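2 protein chains.
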Amino acid sequence: MIRSARGWHVLALGLAVAWVASCSSRAPSTASEAPEPMAGAAAPQQLATAPALLGGVEAVEAAGLGKMWTFDRVPGDYLGERYDFSPPSDWYEHVRLASLRYGGGCSASFVSADGLVMTNHHCARGCITAVSTDEHDYDTDGFYAATREDEPVCQGLFLDQLVEIEDVTARVDAAAPAGSTREEETRLKREAMQAITEECSAGGLRCQVVSLYNGGIYSLYKYRRYDDVRLVFAPEGQAAFFGGDPDNFTYPRHDLDVTFVRAYENGEPLQPEHYFKWSESGAGADELVFVTGNPGTTLRLQTLAQLGYMRDATHPTIIKQYKERVAAARKLVEADRSLEPRYRNLIFGIENATKAYNGYLSGLEDPELMAAKAAWEESFRAAVAADPGLQSRYGDAWDEIARVNAELKAMDAEVRWTSLSHFALLSRARDIVRLAEELSKPESERTYSAAELERMERRVGADRTVDVAYEQLLLSMRLADAREVLGPDHPFIQAALEGREPGEAAAFIYQTSELAGIYQDSTLAGVEARRKLTEADAAAIGAPRDPAIALARSIDARARQLERRQEELETIETANEERIAEALFEIYGTALPPDATFTLRLADGVVKGYPLNGTYAPYKTTFYGLYDRAAAFDYQEPWHLTEKWKAAKNDLDLSTPLNFVCTADIIGGNSGSPVINRDAEVVGLVFDGNIEMLPNRFRYSDAVARTVAVHSEAILEALRVVYDAGTLADELEGKR
Amino acid sequence: MIRSARGWHVLALGLAVAWVASCSSRAPSTASEAPEPMAGAAAPQQLATAPALLGGVEAVEAAGLGKMWTFDRVPGDYLGERYDFSPPSDWYEHVRLASLRYGGGCSASFVSADGLVMTNHHCARGCITAVSTDEHDYDTDGFYAATREDEPVCQGLFLDQLVEIEDVTARVDAAAPAGSTREEETRLKREAMQAITEECSAGGLRCQVVSLYNGGIYSLYKYRRYDDVRLVFAPEGQAAFFGGDPDNFTYPRHDLDVTFVRAYENGEPLQPEHYFKWSESGAGADELVFVTGNPGTTLRLQTLAQLGYMRDATHPTIIKQYKERVAAARKLVEADRSLEPRYRNLIFGIENATKAYNGYLSGLEDPELMAAKAAWEESFRAAVAADPGLQSRYGDAWDEIARVNAELKAMDAEVRWTSLSHFALLSRARDIVRLAEELSKPESERTYSAAELERMERRVGADRTVDVAYEQLLLSMRLADAREVLGPDHPFIQAALEGREPGEAAAFIYQTSELAGIYQDSTLAGVEARRKLTEADAAAIGAPRDPAIALARSIDARARQLERRQEELETIETANEERIAEALFEIYGTALPPDATFTLRLADGVVKGYPLNGTYAPYKTTFYGLYDRAAAFDYQEPWHLTEKWKAAKNDLDLSTPLNFVCTADIIGGNSGSPVINRDAEVVGLVFDGNIEMLPNRFRYSDAVARTVAVHSEAILEALRVVYDAGTLADELEGKR
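Which chain is which? The protein sequence lines are U and D, in order.
In terms of the numbering used here, the first sequence is residues 1 to 736.
In terms of the numbering used here, the second sequence is residues 1001 to 1736.
Have a look at this one:
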């Protein structure tokens, strides 16, 4: 499954969000086909000569910025040229109003006249778990409310329907008078956006000003919120997540990752004016389809230098550290098998994240991706250079970013080793050291704000124990590696080892530290001791020669220096990213989609298999494939079958399509998006991307990257045959 | 499917066969476990210090020379250490005598008391086609003889059973007295081998002296030949080769690639003393299994320099030229769809070969493979260097090979462009030029032997037309590429282009050449004209200013120079390869298997899945998987189902294993090898390797490389349910 937008943020690198801008197709050759500039949009620069500027399909493909269109600006020339498709005039509005944002991180859609809403099982898990009881574990066993009366409320769940998009660019731009400094401009515009949002919200809608193309366009998104949402149907977790973590992010796939909820209004099922009808046959080979949902974050406007930094520094290190953490957990489990359940989720979670990062890294190391990226960057920079005004305003932005990333790369190893991440004990020791130092100074001279100091105090006193055995093992591995990378004479290594071998040093720190004892103690006494740490005079806490505190203190000056420099560099980087986004908008206008913003987008694609491991992955899988994969692994977890699926084997039409793939552009946040056909009928339900899609984070390609969806036919067949939920299937088919 | 040994030779590079030698485990640490040196084997050198010499399992793994053991020298310590398996004393003899060499390129085995023999469908295709009639196409429809009387004879087919291996090293070695020159030694030994073979054959057996470890051991292989072989059962070609070329070389797989024939003696079914009984349940997860068969050729003792040459020069060029050829064929088909059937097989064949070469290249480009190879070569060279005698005899062999390969690499582009390969017309023109030149000289001054000149004449006059459209297109591509690689001033480019663009030049040559007209003419007049080419005075033939002949003549001097130099270099290379093989045998003795020689070998392995594309490939597939893949491609060729398989769908136990994978070491020639368990029962039938196995050509690894086999249970279930061949199934199960 793809993680929710929220999940992806956790996974993400903390890098500044890249901006994706739009191509106006204003190159002379295609000028006649260029869309009208939108009211209020900054007027795109007209270029006398525009090297390598292309129009329509070619522009979209050359830029590699993807296909996540906003609903008010889907370029008709692109769809027409590419698919010979010109939707009827009310198509976009209908699709937009049938689409939903689900809770804080997923997508969904209305799929019946009675307010039925379709999303992924992995999106609805919160509700499924919440309505479970001691007697009924609906996450494990599945859930079906045969009547409306049986539909339990999903507490706290809400669905947002995008009822209107209003262009407020002119109003936001007008807030900052000409001659404002950059800081003033930012503040004034932010205030204007706030005012617009408040004004809009007063009318009872949920409102949000979305900055697209780095402020090239400001759009006011108005949502109607539905907050009485009830659970209708969920399959067993195992059916939704068949193949578990190993099959996650992959294809061919066999997951019924679907859940239905229902929106209510005034205690009655909602009768939405717009909902998606069910297709009669579902997705077919080579069919044009659309995904409508809320993609979270893309990094497609990152420069080559930024990608190089990730490729050479951050990503390999992250993967190495993941491997260390898994190795440490495994070692503990090997030594004591009873610890297996304790570390199981940690291991699975990290292995999944490793899979994702390996996928990203493979993209960064892919010569074709990097060459396409380089070609695009070159043509973009040439377009900037061709206009003296643009060149003076934006020409050096790439070099600035390259400079910043070169310095970040040079610092990388030291930053990692002094960051103490993954070591709760040492991080707490650092908090204590910093608190002691800061509190001993007058407030005016402090480096950290009161809020930051409060957070430190809260962390120090929090009622959470530290896994000393795990951290000690991890530290001994990390120190061995750090000694190799930084060299034995590096101050951090000297301070941490004090002449010992890594294993001994880690043991000394974790076994003789009083602080470790306190953080390891899960009794009430431990809770009390931790609480006291924050109450006591911080200076005194910092004083004892505790080896954990001593280590944290000995490297803190350098760590703070590095942190400060990193912040400075990232500020410069962000400013230059904004300049690049502005340049892009000035040159290319709005014919390319903006960067993902977890707001509603429409992505076009085709149902299509792809070359895989010497042969081809078919465009779809079938129920046969589900039973094959289960049997091929001798029904071992996570490829086991639930009782219902075992029982239904002979009654199902096994050739029914189960999952399928298409080339539509998605990313985390799109989970639960419907896949619809030209007639806006449901043909499937997005729930993941294949592993080849991971590099699309940096540049969109449809060579082998695919969106993975549940086939609409699988949902009907499973509802009728496996779950005895014919009423629900009838409702989807509009048969009631 | 894997190609037969013969097929692989076609695919192979024409490089000298590498020699794989054996490890005596004579390093001090493992000396006590070292096997006794074999009678007559050259006494391995005792080393005082042997850097990085390992014993048993470690030695086998470090060397990467694979696991293709000869039946007289399976190292018991290795099997015991690795699998805790000590076969009963008569095990090896039983397995050897139940194993067969099938025709000129495959493997097979006795599988019933009545002489039933199992091999692959793709091995038996010659017989299946031969017994087909105008009414019955058994290759398409399958074949089953329900009674003995219905079993038709496979004309010309024979099976060889290895009845004895005799060590004749002492006798061969004795033939060359001490002090012989290398040439004398080679001649005398060859004569001795010839004498031994003739003497042995006089007894009615087929005999062959096999040189193992480059003459470290000479073994006399004695075969009993069965030449009355009749067809019993073959499935439809589509069932045997489901997924066709795309799925070829890949896994997960769904092929029933099996055929049964029967050996007869004196018109009665043979009652072999030794045959493999059928296992009750077939191959299970993690089970120890053995493959007994006849692997053809491995290149595992090639040096790093040789691998580097392949990686940097030959393999990329071969792949590029394959792509050119496919592109040319596709272009012709695009221009005229009616040509599709004509080029279909060419395209499929080249695409399959491209797949293989891409697989080889991926191995050569794999840093892990190359690092392991480098580590092994380093330890081997260190072992040589540690002994002054060895060092003086062998120490510079690697450097010599490196020197040769550096020169070959530098010549490579020019050799390719002047070779005229893939151009029948230009090759014929070259033959004509050479004939003219040679025949004008007195015999004593000729470069080519009479036999070579005769071959040239035969080619020139052969009744084969040339595909002018295809060659012209290919030439224009090749010239464009050559101009880029060699530069516009290269004599070949100057001669070929004569100032024209590549497309024009190719058109000029093929459209205005009289010779092209003659070779294109498929009428009787054409046949006659070609015949006349050889009858006419060669000098006269060479005279006309025909553009094809002009081109061939203008570059022939350089081409001959390059050919001569290449031959010289390859002679030096071969001599040094032999020195390396000798050094290996002197140091390591016989505890590693020798290089493949298309003679009977036993390979151990384990039934085991592997990591694939982010998840895992299961150790087996099932009939469910077959129906899934067919349905997933909407039953389109080559994933369609035959009528019998469509009809049997509901009667089959779909969870029956169909194919499975294991880590046994195989290569072309192993097709048709049985997979047996510890009790020497059939659990499967080898028919291919996965695509990850292709790099095993250079170094054996079982990380992801797998042998692909038909599961024994699939054979029984299909015979009973799909083919109504219960009698045959009963015979396999020993139930008659």
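Where is the CB? At the ideal position from N, CA and C, for every residue including glycine.
All values derive from a computational prediction rather than experimental measurement.
Integer Cβ distance of Leu-1231(D) from Cys-1154(D), believed to fall under 8 Å
6 Å
Residues bridged to Ser-107(U) by DSSP?
Arg-101(U)
Output yes if chain U places a C-beta closer than 8 Å to the C-beta of Leu-1654(D); else output no.
yes
Let me make sure I understand the geometry here. Which of Gly-156(U), Lys-320(U), Glu-149(U) has the alpha-carbon closest to that of Ala-130(U)?
Gly-156(U)
Counterpart residues of Thr-1070(D) in DSSP-defined beta bridges
Arg-1601(D)
Answer yes if the region 162-172 of chain U comes into contact with the region 181-200 of chain U, meaning at least three C-beta pairs across the two stretches below 8 Å, and no otherwise.
yes
Counting only beta-carbon atoms, is His-1613(D) nearer than 8 Å to chain U?
Just to set this straight, residue 1613(D) is Asn in the shown sequence, not His. True, the Cβ-Cβ gap to chain U drops below 8 Å.
Under three-state DSSP, which class holds Pro-1695(D)?
helix
If you count every other CB in all the chains shown that lies within 10 Å of the CB of Ala-5(U), and 16 or more means buried, which is it?
Because the pLDDT at Ala-5(U) is just 34, under 50, the model does not fix this residue reliably, and the value given afterwards should be weighed accordingly. Buried, since its Cβ has 16 or more Cβ neighbours within 10 Å.
Under 8 Å between C-beta atoms of Gly-359(U) and Leu-694(U)
yes
Cβ shell of Ala-680(U) (< 7 Å), same chain only, five flanking positions each side left out:
Trp-91, His-94, Val-95, Phe-276
For a test of the three-state rule: what should DSSP assign to Val-131(U), helix, strand or coil?
coil
Taking the alpha carbon of Thr-1147(D) as the reference point, which residue from Ser-1211(D), Tyr-1102(D), Pro-1269(D) has its own alpha carbon closest?
Pro-1269(D)
Drop a sphere of 10 angstroms on the beta-carbon of Ser-99(U), count the other beta-carbons inside from all chains shown, and report buried for 16 or more, exposed for fewer.
buried
Chain U beta carbons: is any one of them nearer than 8 Å to that of Thr-1622(D)?
yes
Got a sec? Which residues, its chain only, sit under 7 Å from Lys-1409(D) by beta carbon, not counting five neighbours each side?
Tyr-1309, Asp-1312, Ala-1313
Check whether Tyr-102(U) and Leu-162(U) have beta carbons under 8 Å apart
no
Whose C-beta lies closer than 8 Å to the C-beta of Ala-1113(D) among residues of the same chain, with five residues either side of it excluded?
Gln-1271, Pro-1272, Tyr-1275, Gly-1734
Taking a contact to mean a Cβ-Cβ separation below 8 Å, would you say Val-675(U) touches Val-686(U) in this structure?
yes
Interface positions of the region 1305-1334 of chain D facing chain U (Cβ-Cβ less than 7 Å), listed along the chain:
none
Are the beta-carbon atoms of Tyr-1627(D) and Leu-1654(D) separated by less than 8 Å?
yes
Taking the straight line between their C-alpha atoms, what separation do you get for Ala-718(U) and Ser-522(U)?
47 Å
With a threshold of 16 other CB atoms inside 10 Å of the CB of Asn-696(U), please say whether the residue is buried or exposed.
buried
Check for me: the alpha helix (DSSP H) holding Met-1310(D) runs from which residue to which?
First-last for Met-1310(D): undefined, no H or E at that position.
Between which two residues does the alpha helix (DSSP H) holding Ile-1549(D) run?
1547-1588
Proximity test, Cβ basis, 8 Å: Ala-750(U) and chain D:
Residue 750(U) lies beyond the residue range present for chain U, which begins at 1 and ends at 736; the question has no answer from this structure.
Does Arg-1073(D) have its Cβ less than 8 Å from a Cβ in chain U?
no
Pair every Cβ in the region 1466-1483 of chain D with every Cβ in the region 1325-1333 of chain D, then say whether three or more of these pairs are closer than 8 Å.
yes
Quick one: which residues of the region 688-705 of chain U get their C-beta closer than 7 Å to a C-beta of chain D? List them in chain order.
Ile-691
For His-1422(D), list the residues DSSP reports as bridge partners.
In DSSP, His-1422(D) forms no bridge with anything.
For His-977(D), does the three-state DSSP call read helix, strand or coil?
Summary: the structure shown does not reach residue 977(D), with chain D confined to residues 1001 through 1736, and so no result is reported for it.
By the 10 Å Cβ neighbour count, where 16 or more other Cβ atoms means buried, how is Asn-1266(D) classified, buried or exposed?
exposed
For Cys-127(U), which residues of its own chain have a beta-carbon under 6 Å away from its beta-carbon, when the five flanking residues on both sides are left out?
Cys-154, Leu-157, Leu-231
Endpoints, beta strand (DSSP E) assigned at Asn-677(U)
No beta strand (DSSP E) contains Asn-677(U), which DSSP labels as neither H nor E.
Starting from Ala-1631(D), find everything on chain U with Cβ-Cβ shorter than 7 Å and list it in chain order.
Thr-622, Tyr-624, Ser-655
Between the region 1502-1509 of chain D and the region 1471-1481 of chain D, are three or more C-beta pairs nearer than 8 Å?
yes
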